[in-house]
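Line by line, the protein sequences are chains A and B. Going left to right, the first sequence walks through residues 0 to 412 as numbering that gives the first Met the number 0 numbers them. Going left to right, the second sequence walks through residues 0 to 412 as numbering that gives the first Met the number 0 numbers them.
2 protein chains.
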Amino acid sequence: MSAAVSPLAPKSYPEMPVIRGVRMATAAAGIKYKNRTDVLLMVFDEPAAVAGVFTKSRCPSAPVDYCRANLAGGIARAVVVNSGNANAFTGQKGRAATELTGKSAAAAVGCSEREVFLASTGVIGEPLDASKFAGVLDQMNADAKGDFWLEAAKAIMTTDTYPKVATRTAKIGGVEVMINGIAKGAGMIAPDMATMLSYVVTDADIASPALQALLSAGVGPTFNSVTVDSDTSTSDTLMLFATGAASVDGQARIENADDAQLESFRAALNDLLKDLALQVVRDGEGARKMVEVTVTGAESDAAAKKIALSIANSPLVKTAVAGEDANWGRIVMAVGKSGELADRDRLAISFGHVRVAVNGERDPSYSEAEATAVMKQQDIPVKVDIGLGSGVATVWTCDLTKEYVEINGDYRS
Amino acid sequence: MSAAVSPLAPKSYPEMPVIRGVRMATAAAGIKYKNRTDVLLMVFDEPAAVAGVFTKSRCPSAPVDYCRANLAGGIARAVVVNSGNANAFTGQKGRAATELTGKSAAAAVGCSEREVFLASTGVIGEPLDASKFAGVLDQMNADAKGDFWLEAAKAIMTTDTYPKVATRTAKIGGVEVMINGIAKGAGMIAPDMATMLSYVVTDADIASPALQALLSAGVGPTFNSVTVDSDTSTSDTLMLFATGAASVDGQARIENADDAQLESFRAALNDLLKDLALQVVRDGEGARKMVEVTVTGAESDAAAKKIALSIANSPLVKTAVAGEDANWGRIVMAVGKSGELADRDRLAISFGHVRVAVNGERDPSYSEAEATAVMKQQDIPVKVDIGLGSGVATVWTCDLTKEYVEINGDYRS
């Protein structure tokens with residue numbers, strides 16, 4: 000694991016307020032290592048509405064299968080997250096482990112197994128000894144408290160170099176509600192959820208179907224627009240819970256995602272999701288620089304996103320960024336390989352405010368010194384105009400460094 | 000550029016025989032550096048049949064456009080290849096440079112511009128001063144000779160650490176014919192041709208349409224099955240020329256690729272293409288290990304290839320190989336992210352002869368020590384059985400090392 004905190008880490012953490020209706024605790028269950036915090040329990044004392052978005056992997060982990068099945072019930076009372084073992088590709092043993100964990104959590108919290116949600120992160124393919132949870136969950140439920148967000152974020156870290164937290168407020172029908180979120184993820188990060196876990200909780204009173212619609216719409220320009228290494232995990236999980244505690248302040252329950260009263264909440268939620276997603280990129284394994292790739296003028300928004308991801312996932316673009324090299328030829332290459340419609344002679348490319356190419360060739364007024372100055376920044380905006388239509392997209396990635404190779408050439412040992 | 004020769008380089012080079020009908024010469028035209036060999040001229044004194052396969056990039060280089068246009072004529076008399084400048088993304092100047100180069104070569108050799116084929120490799124986006132060719136091509140044509148294959152292969156190298164040559168013989172209607180090929184490429188290598196140039200010449204007498212059919216079919220399991228970094232160049236060019244000189248030995252001209260007399264030639268050609276393609280992978284930038292990924296049991300051959308490429312292009316798989324880590328969980332991840340049909344519980348994965356996973360979980364008899372021994376080999380076979388159908392594919396890649404990052408973080412300087 001990396002020792003040093005990413006240079007792109009936030010300079011400070013926000014104060015994370017208590018969200019009424021959720022309590023949390025961590026413990027050392029000895030999943031992989033002794034005496035290391037490796038389990039997080041979240042408890043909703045009253046049934047919470049729940050929404051989830053999961054990895055698109057065709058080989059999802061057992062906990063992902065478990066969550067998908069329980070999501071249909073629309074009610075959450077407990078969440079159990081462990082690190083140290085992903086319980087992925089563990090066959091029948093994996094399913095048995097999720098069932099046992101669900102039972103243990105249900106017994107500890109006093110709810111149905113169908114109201115429990117799980118996630119496991121760590122090495123793939125090792126059987127998870129779920130009996131270890133049984134010994135700690137009762138005490139965790141007794142200890143769980145609301146003022147515990149930063150500790151919760153720390154508990155789910157794997158190769159992360161810093162905990163990821165974010166908080167926002169919004170108004171629904173004049174009543175203030177709060178949203179808190181935590182996330183983990185540093186490698187195996189790609190759109191469609193990567194090795195990324197994120198839990199977001201609000202005290203707003205919103206029905207599960209509306210919550211799901213908000214989350215599904217919010218994930219596209221946020222978590223599904225970040226990539227560290229184009230590799231998609233088997234375990235990615237993003238969940239949103241609504242405890243409904245704000246109803247005591249007079250917030251009328253929202254049943255429909257189209258409700259106009261959600262305007263402020265939707266904006267705050269999307270902003271929080273983006274905040275967490277960018278924190279994940281900024282902790283990309285070995286990352287020294289953050290790159291924001293904006294594509295405009297593509298045939299469609301979908302085409303723009305495909306081109307932007309082709310750029311953001313290109314090892315040659317990412318190594319050029321690591322080398323602080325304004326190598327715009329590699330951007331052209333990545334546009335060309337995306338397969339999307341592009342006309343070489345209409346392309347324009349900028350690094351920050353410096354336009355390096357226009358009309359299919361080097362900008363006559365281009366200054367290598369100015370472009371290089373942009374490349375020396377920690378955050379590098381890359382803008383590509385395709386010049387064909389009105390499709391736009393923005394994605395975020397980090398550079399590809401020797402440290403990425405070092406971290407991932409030695410992960411299991 | 001890398002100083003050290005790849006540890007995966009061939010231990011020796013084959014003796015490259017003269018192929019009747021083609022002469023070659025190199026020169027230092029001063030494209031990027033003074034006194035460095037940077038131009039290759041191939042001359043066919045009699046019109047040769049010609050076939051070509053080019054990058055699928057939507058932003059191809061000007062020479063690729065030029066070759067595509069001339070291919071329709073079906074006749075080759077000259078090939079001009081330069082290194083140091085890719086003449087890609089150079090706008091109208093790029094087109095003018097190809098026209099000027101074509102004119103200069105036609106004048107030197109005494110043929111039509113429509114019988115000239117070009118390629119340029121090097122930095123993208125820098126205008127190419129094609130007037131420099133005019134000064135050297137006459138002398139090159141005068142000097143060109145048949146016994147020059149290894150020198151020709153050396154002349155087209157960029158970040159390559161060794162020249163790539165291969166030779167085969169075959170029989171057509173009882174007459175022996177020869178096939179020689181050279182290639183260059185080390186980075187920006189992906190299926191659909193990447194930054195790869197390859198020229199193959201035979202003395203067989205085969206009409207252009209048949210030659211094209213042979214080449215188009217041969218490229219799928221060879222050059223289009225290798226990947227170094229998933230990045231596709233704007234300049235990739237693979238050309239096959241048939242001088243027809245074997246007709247003097249009594250070889251009857253072949254008009255149709257379905258001709259049964261082509262059996263031996265087709266096999267020899269495909270074997271030569273595979274030889275060259277694997278030499279390219281073995282010179283992958285920073286490569287220390289070669290990985291052969293074979294996928295069986297997929298829904299279709301196309302699905303198998305997509306899964307195999309998802310594995311071969313995964314940074315996490317490639318860094319695990321670099322770290323000699325039998326991290327089969329990352330193989331599962333890469334199968335899952337390919338998007339192709341897969342059933343976690345039917346997957347089987349082997350490293351070499353060591354089956355590490357079967358029926359969706361770790362093989363009970365798996366030995367980490369044996370798997371690790373395989374990972375310490377220079378050539379590592381990875382086999383994945385999807386267990387669903389009869390689709391098969393094999394692709395080749397190399398590991399992802401710190402040297403790759405180093406080479407590509409500092410390419411232009």
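For each residue, glycine too, the CB sits at the ideal point set by N, CA and C.
In the three-state DSSP reduction, residue 384(B) falls in the strand class (E or B). In this structure, residue 271(A) places its C-beta atom within 8 angstroms of the C-beta atom of residue 199(A). Taking 8 angstroms as the CB threshold, residue 395(A) stays off the interface with chain B.
Here DSSP, grouped into helix, strand and coil, assigns residue 45(A) to strand.
Taking a 10 Å sphere around the C-beta of residue 367(B), we find fewer than 16 other C-beta atoms and assign the residue as exposed. As computed with DSSP, residue 379(A) is found in a beta bridge with 290(A). By DSSP's assignment, residue 253(B) forms a beta bridge with 205(B). The alpha helix (DSSP H) runs of length 4 or more contained entirely in the region 304–358 of chain A are, from start to end of the chain, 314–321, 327–336.
Look at residue 174(A) here: in three-state DSSP terms it is strand.
Closer than 8 angstroms at the C-beta level to chain B, one finds these residues of the region 45–61 of chain A: 54, 55, 56, 57, 58, 59.
Interface criterion met: the Cβ of residue 360(B) is under 8 angstroms from a Cβ in chain A. DSSP, reduced to helix, strand and coil, places residue 115(A) within a strand of the structure shown. Chain-ordered, the chain A residues with CB closer than 7 angstroms to the CB of residue 90(B) read 344, 358, 359, 360.
Beta-bridge analysis with DSSP links residue 397(A) to 289(A).
Look at residue 298(B): its C-beta is not under 8 angstroms from any C-beta on chain A. If only uninterrupted beta strand (DSSP E) runs of at least 3 residues are considered, those enclosed by the region 46–103 of chain B are 74–84.
A direct Cα-to-Cα measurement between residue 291(A) and residue 242(B) gives close to 51 angstroms. In the structure shown, residue 217(A) falls within a helical segment according to DSSP collapsed to helix, strand and coil.
The C-beta of residue 112(A) has 16 or more other C-beta atoms within 10 Å across all chains shown, which makes the residue buried. In the structure shown, residue 122(A) adopts extended strand secondary structure according to DSSP, grouped into three states. Taking 8 angstroms as the cut-off, the Cβ atoms of residue 116(B) and residue 69(B) count as close.
Per DSSP, residue 132(B) is one residue of the alpha helix (DSSP H) stretching across 130–142. Taking the CA atoms as reference points, residue 154(B) sits about 13 angstroms from residue 78(B). With respect to chain A, the C-beta atom of residue 313(B) has a partner C-beta closer than 8 angstroms. For residue 25(A), the uninterrupted beta strand (DSSP E) run begins and ends at 21–26, by DSSP. Straight through space, the alpha carbons of residue 156(A) and residue 252(A) are spaced by roughly 34 angstroms. Taking C-beta atoms as the reference points, residue 370(A) and residue 353(A) count as a pair closer than 8 angstroms. The C-beta distance from residue 317(B) to residue 398(B) rounds to 5 angstroms, short enough to fall under 8 angstroms. Interface with chain B (8 angstroms Cβ-Cβ cutoff): residue 324(A) is included. Relative to residue 372(A), the option among 9(A), 294(A), 62(A), 325(A) whose CA is nearest is 325(A).
For the C-beta of residue 318(B), the chain A residues within less than 7 angstroms are, from N- to C-terminus, 404, 407, 408. Taking the Cα positions, residue 401(B) is about 21 angstroms away from residue 375(A). The C-beta of residue 282(B) comes no closer than 8 angstroms to any C-beta of chain A. The shortest CA-to-CA distance from residue 203(B) to any of 118(B), 46(B), 23(B) is the one to 46(B). For the 8 angstroms CB-CB criterion, residue 34(B) and residue 61(B) do not form a contact.
Secondary structure of residue 360(A) (DSSP, three-state): strand.
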